[in-house]
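Chemist:
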Amino acid sequence: MAKKTKLFLTFNTKTEILEKISKGTGCSQLAKEYKVAKSTITRIKNNKSKILKAASKMHRKRKSFKAGEYPRMEKKLYDWFIKQRSKHVPIGGSSIRVKAKQLFEEMYGSSNRFNASCGWLNGFKKIFGIRLLKVCGEKLSSNPDGVPEFKNRLKKLKAELSLCDDQIYNADESGLFWKTLPDKTYVSSSEKTAPGRKIEKARVTFLACTNASGVHKLKPLVIGKAKKPRSFKNFELPVEYKNSKNAWMTASIFKEWFHHAFVPQVTRFLQKQGLPLKAVLILDNAPCHPGVEDLKSDCGSIFTIFMPPNVTPLIQPMDQNVIRLTKLHYKTNLLRSAFGKANTDEYLKNLNLKDAVCMLAHAWEQLSPVVVEKCWHPLLKDDVFNEEGANCSEDDDIPLSVLRSNTIQQQSTEYAEINNLLESIEVTFNTADLVAWVSTDDPIEDLNIVDDVAVLSSEEDEEPNEKCNITASEAVSGGGCEAMP
8 MAKKTKLFLT FNTKTEILEK ISKGTGCSQL AKEYKVAKST ITRIKNNKSK ILKAASKMHR
68 KRKSFKAGEY PRMEKKLYDW FIKQRSKHVP IGGSSIRVKA KQLFEEMYGS SNRFNASCGW
128 LNGFKKIFGI RLLKVCGEKL SSNPDGVPEF KNRLKKLKAE LSLCDDQIYN ADESGLFWKT
188 LPDKTYVSSS EKTAPGRKIE KARVTFLACT NASGVHKLKP LVIGKAKKPR SFKNFELPVE
248 YKNSKNAWMT ASIFKEWFHH AFVPQVTRFL QKQGLPLKAV LILDNAPCHP GVEDLKSDCG
308 SIFTIFMPPN VTPLIQPMDQ NVIRLTKLHY KTNLLRSAFG KANTDEYLKN LNLKDAVCML
368 AHAWEQLSPV VVEKCWHPLL KDDVFNEEGA NCSEDDDIPL SVLRSNTIQQ QSTEYAEINN
428 LLESIEVTFN TADLVAWVST DDPIEDLNIV DDVAVLSSEE DEEPNEKCNI TASEAVSGGG
488 CEAMP
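Offset between the sequence shown (1-based) and our numbering: plus 7.
1. Can you tell me where the beta strand (DSSP E) holding E215 begins and where it ends?
2. Report the rounded CA-to-CA distance for K162 versus Q323, giving the unit in angstroms.
3. Which same chain residues end up closer than 7 Å to Q91 when comparing Cβ atoms and leaving out the 5 residues on each side of it in sequence?
4. Between the beta-carbon of N110 and the beta-carbon of L139, is there less than 8 Å?
5. Pair every Cβ in the segment 312 to 327 with every Cβ in the segment 282 to 297, then say whether three or more of these pairs are closer than 8 Å.
6. For C216, does the count of other Cβ atoms within 10 angstroms reach 16, so buried, or fall short, so exposed?
7. Anyone know if the C-beta pair for V364 and L228 falls short of 8 Å?
8. Helix, strand or coil, according to DSSP, for S181 in the structure here?
9. Rounded to a whole number of angstroms, what is the C-alpha to C-alpha distance between V378 and V222?
10. Tell me the DSSP bridge mates of T20?
11. Can you give me the Cβ contacts of Q272 inside the same chain, cut-off strictly under 6 Å, excluding the 5 residues immediately before and after it?
12. On a CA-only basis, which of R160, L128, I230 and M325 is nearest T257? Give me that one, please.
13. Is it true that the CB of I330 sits closer than 8 Å to the CB of D86?
14. Let me check one thing: in DSSP terms, what residues is Y85 bridge-paired to?
15. Going by DSSP in three states, G130 sits in which element: helix, strand or coil?
16. On the criterion of 16 or more Cβ atoms from any shown chain inside 10 Å, does D305 qualify as buried, or is it exposed?
17. Where do the ends of the beta strand (DSSP E) carrying T351 lie?
18. Do L302 and K262 have their beta-carbon atoms positioned less than 8 Å apart in this structure?
19. Could you give the C-beta distance for L358 and Y337, rounded to a whole number, given that I count them as a contact under 8 Å?
20. Please name the residue, chosen from L128, G136, S56 and N177, that lies closest to D326 on a Cα-to-Cα basis.
21. For L25, I'd like the list of residues in its chain whose CB is within less than 8 Å of its CB, leaving aside the five on either flank, ordered along the chain.
22. Under the DSSP definition of a beta bridge, which residues are partnered with G231?
23. Would you mind stating whether E207 and L341 have Cβ atoms separated by less than 8 Å?
24. Pick helix, strand or coil for K224, following the three-state DSSP scheme.
25. From the DSSP output, in three-state form, read off A286 for me.
26. How about R210 and F184: do their beta carbons lie closer than 8 Å?
27. Can you tell which of H266, L277, Q280 and T319 has the C-alpha that lies nearest to the C-alpha of P297?
28. When you compare only the Cα positions, how much space is there between T17 and I260?
29. Looking at L284: is its Cβ nearer than 8 Å to the Cβ of D173?
30. If you reduce the DSSP assignment to three classes, tell me which class E26 lands in.
31. Do you know how far the Cα of R275 is from the Cα of G307?
32. If you run the structure through DSSP and keep just helix, strand and coil, what is Y337?
33. For Y176, list the residues DSSP reports as bridge partners.
34. I need the boundaries of the beta strand (DSSP E) containing I260, first residue and last residue.
35. The alpha helix (DSSP H) with I312 in it runs from where to where?
36. Distance check for L164 and K186, CA to CA, integer angstroms please.
So this is what it looks like as structure tokens:
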């Protein structure tokens, strides 16, 4: 007869079971729902106070009460870790190991019998649910005090001019290394190294602009170095193209884009929607953006307002995931194209600017209006931004309302899929954040960058006949299941 598989429950699941028991749900019904033995539900019920106490202190994904080898020292080390992170101090594995040896020596007199090995560090991270994230953005250098004043100013402006979300726009620039492939990859067991290629530094700047409803996405503006790229000959571009010496945005280029691209496209959109010819463009105070007087339509009904300094990472919609997702879609399109070629190096060598702008335009079209509209919430919704300039998510370092799972899961199936995507990606996304992925209908779902997942084994016995696992040292000393900690 096949051996029955053990099913271990996390503290989070056990807490849910206790809540259902308190509401009158029977143990037999819960056993069927969670596919465990009735005795397991009874054991959870009898250990209610112990489970709730442990759940309040331990990581919610943990499955047992098992402590580390030196619980007092590790608890003190974790308190130190939390104190440093409250001050936003970056902490690496080597720092944790050095501090652990220091605390061990202070508490036990000598550190000779404790090496703070990599294996111990992995166990420590799993016990306390510590994960590795990349430091991203400029939120800590931002000024949240200027946010409420600007939001109130925008709210009054909307009321005075009777503007709707279709008439409010935001634009921002970002650089794109359009030939760069990822520097992380899965390898087979036979590969000892992963040879790389020379980093391609070909770069363009693209300007992203949408309205607050997400319905109108303007044609992207791409800025390169060449005035007339040969690859563009006899080709109708899906983007606006300009050039500058360093491929960066300049005040003259932005002014020309505003009067010859932004105003005409917005005018056509408002006429099509049957709306008054009034619109406002929200910008940050970058040096490449001209003054308010230069960014105004001839009739004055389409104009610009500027955000206060140092609030861009907190509330600017294009920085709240629109640009990042556009780059993500571009990289997946680039990888998909590379996988279809026999020689990747030859493909990258022959990749030209026309191919890049086409993939960028396609990536821009892949953004759904629901996602874009969600990125405007930190600016337009009063209950999204708090005083610390972050959203209410405890497990996610990205200060974006679009990443809040409790909100996203209430949306359509398409948006729920995007939520799954974003939860599997590191805090920031650039060319170093991609891993090799299998080409599917939706390759984005295969990306997985999170380095540490807190999953532990449990001491709980679901089946009385289950065999116990003992270590070699316990076998030599004659210890059995009863001797296991």
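Glycine included, every Cβ here is placed at the ideal spot set by N, Cα and C.
Modeler: This is what the structure gives:
1. The question names Glu, but residue 215 is Ala in the sequence shown. R210 to N218 is the extent of the beta strand (DSSP E) around A215.
2. In a straight line, the C-alpha of K162 is about 15 Å away from that of Q323.
3. Cβ within range, chain order: I98.
4. Rather than Asn, the amino acid found at residue 110 in this sequence is Leu. Not a contact, by the Cβ cut-off of 8 Å.
5. Short answer: they touch.
6. Buried, by the Cβ-count rule.
7. V364 places its beta carbon 8 Å or farther from that of L228.
8. DSSP, read as helix, strand or coil, puts S181 in strand.
9. In a straight line, the C-alpha of V378 is about 11 Å away from that of V222.
10. None, per the DSSP bridge assignment.
11. Closer than 6 Å at Cβ, skipping near neighbours: L225.
12. Out of R160, L128, I230 and M325, I230 has the C-alpha closest to the C-alpha of T257.
13. Not a contact, by the Cβ cut-off of 8 Å.
14. Beta-bridge pairing links Y85 to no other residue.
15. Here G130 sits in helix by DSSP.
16. Counting the other Cβ atoms within 10 Å of the Cβ of D305 gives fewer than 16, which makes it exposed.
17. Looking at the DSSP string, T351 is not in any beta strand (DSSP E); the run it does join, the alpha helix (DSSP H), is T351 to N357.
18. In this structure, L302 lies closer than 8 Å to K262 by Cβ.
19. At roughly 12 Å, the Cβ-Cβ gap does not stay under 8 Å, so L358 and Y337 are not in contact.
20. Ranking L128, G136, S56 and N177 by Cα distance to D326 puts N177 first.
21. If we look at L25 and ignore the five residues flanking it on each side, its Cβ neighbours are I51, K52, K55, I58 and L59.
22. Bridge partners of G231: N250.
23. For the 8 Å CB-CB criterion, E207 and L341 do not form a contact.
24. K224 falls in the strand class under three-state DSSP.
25. Collapsing the DSSP output to three states places A286 in a strand.
26. Cβ atoms of R210 and F184: closer than 8 Å.
27. For P297, the nearest C-alpha among the options comes from H266.
28. If I take the Cα positions, the gap works out to 56 Å.
29. Cβ distance not < 8 Å, so L284 and D173 don't count as in contact.
30. Looking at E26 - three-state DSSP - the assignment turns out to be helix.
31. Each residue's alpha carbon lies about 16 Å from the other.
32. Residue state, collapsed to three classes: helix.
33. Note: Y176 sits in a beta bridge opposite N218 and L288.
34. Counting along the chain, I260 falls outside any beta strand (DSSP E), though it belongs to the alpha helix (DSSP H) covering A258 to W264.
35. Looking at the DSSP string, I312 is not in any alpha helix (DSSP H); the run it does join, the beta strand (DSSP E), is I309 to F313.
36. Near 43 Å, if we compare the C-alpha coordinates of L164 and K186.
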